[in-house]
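Here is the structure we will look at.
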Amino acid sequence: MPASSSMSKHQQFARCLESSHVSASAPFHWLSLAFKDIANAPILSLVYGLVFTLIPATIMYFVYQFDTHLVILPAVVAFALIGPAFAAGLYDVAWELEKGHKPTLFHSLKSMFRNPAGEWGFAFLLMVIMIVWMRLAALIHALYPNVVNPSFEQLSAFLTLGTIVGGILLVTVFAISAFTPQIMMERRVDLMTAVISSINAVKTNAAAMIVWAGLILCLVFVGFITGTAGFIVIMPLLSYASWHAYIAVIKTKKPRGYE
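Take 0 as the starting number for the sequence shown in numbering that gives the first Met the number 0 and just add one per residue.
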């Protein structure tokens, strides 16, 4: 009996949750549902939107105030650590709306501790990837031509290698983070199960994920060109849409009605 129980627990570790196939236009539907979530929980959305907006605004303030980029790395590391926790709060709001409940700030804050080991482990994983990128960027920068006005030909090696390495890391981060936080919060599974399931889901829905990544980049760009003020709406919007993406893509035993 103990051996059987041990084997069962072992089988539960680092498994891959099944995923559904969605159309390439599905991300637009997720965004439309996210707008409805904002309309149904405007105050909570505003509270979390303000918190998320303060983070990039603070980073930009220190960069301009001290005229140095040295504050960016520690600031982004801090965001990587606390960002997933606040995103979990927004996922909880969308989840409560899905269940027909009235979301509250207290309930959403409690959701940040539903799977603390997994959530902090995920934040640490993102931080490690980010530090690796910073080190690689420093090495790639060594290829930058040591001339005042380099030509495109002189810049080609620097630009090519930087684009390839940056692209690989961006795709990697997107694949492991697209569904990992949502899976860990609702299913309370281990980090490896969530990461493997997220990567598989992204691979299964490559077309939809390319569209979704493009929409995220466009909205984040809008957030920065508005002086970070746009993030007040954009961050709740993306978080709610990410929850609906999770509902649509990661399979459950029972069908879900809020898709």
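We put the beta carbon where it would ideally sit given N, CA and C, even for glycine.
On the DSSP letters alone, give me the boundaries of the alpha helix (DSSP H) that residue i sits inside.
i	result
Val210	205–224
Asp189	Per DSSP, Asp189 belongs to no alpha helix (DSSP H) and is neither H nor E.
Ser31	25–39
Ile139	115–140
Gly166	151–176
Phe105	104–109
Considering only the alpha carbon of each residue, which of the options lies closest to residue i?
i	options	result
Val232	Trp119, Lys98, Val219, Arg14	Val219
Leu236	Val221, Ser155, Ala200	Val221
Val158	Thr171, Pro102, Ile139, Tyr239	For the sequence presented, residue 158 should be read as Leu rather than Val. Among Thr171, Pro102, Ile139, Tyr239, the Cα nearest to that of Leu158 is on Ile139.
Met208	Ala56, Glu152, Ser176	Ser176
Ile198	Val210, Arg187, Ile182	Ile182
Ser107	Phe121, Val92, Gly120	Val92
Met59	Thr225, Lys253, Ser24, Val248	Thr225
Ser22	Arg255, Ala247, Phe61	Ala247
Trp119	Asp189, Lys252, Arg14	Asp189
Arg255	Ser150, Cys217, Trp94	Trp94
Buried or exposed, going by whether 16 or more other CB atoms sit within 10 Å of the CB of residue i?
i	result
Val147	exposed
Thr227	buried
Ile130	exposed
Thr192	buried
Val170	exposed
His100	exposed
Thr179	buried
Ser110	buried
Ala136	exposed
Ser18	buried
Phe121	buried
Gly166	exposed
Glu152	exposed
Ile195	buried
Ile261	There is simply no residue 261 to check, as the chain begins at 0 and stops at 258 in what is shown.
Thr251	exposed
Within a Cβ cutoff of 7 Å, which residues of the same chain sit near residue i, ignoring the five residues on either side of it in sequence?
i	result
Trp132	Leu168
Leu96	Asp36, Asn39, Ala40, Pro102
Ser44	Ile37, Pro235
Ala156	Leu142
Phe230	Gly48, Phe51, Thr52, Pro55, Gly222
Met184	Ala87, Tyr90, Ser110, Arg113, Asn114
Leu104	Leu43, Val46
Gly161	Ile139
Ser238	Ala86, Leu89, Tyr90
In chain order, what residues of the same chain have a beta carbon less than 6 Å from the beta carbon of residue i, not counting five sequence neighbours either side?
i	result
Met234	Gly48, Phe51
His243	Trp29, Leu32
Val164	Leu135
Pro144	Gln153
Leu16	Ser196, Ile249
Among residues of its own chain, excluding the 5 on either side of residue i, which ones have a beta-carbon nearer than 8 Å to its beta-carbon?
i	result
Phe173	Val201, Met208, Ala212
Arg187	Arg113, Asn114, Gly117
His20	Thr203, Asn204
Pro267	Since the first and last residues shown for the chain are 0 and 258, residue 267 lies out of range.
Ile128	Leu168, Thr171, Val172
Ala13	Asp189, Met191, Thr192, Ile195
Distance cutoff 8 Å, beta carbons only. Does residue i sit that close to anything in chain D?
i	result
Ile215	Going by chain labels, chain D is absent from the structure shown, which holds only one protein chain.
Report task. Mind listing, in chain order, the continuous alpha helix (DSSP H) runs of no fewer than 4 residues lying wholly within the segment 231–256? Result -> Runs found: none.
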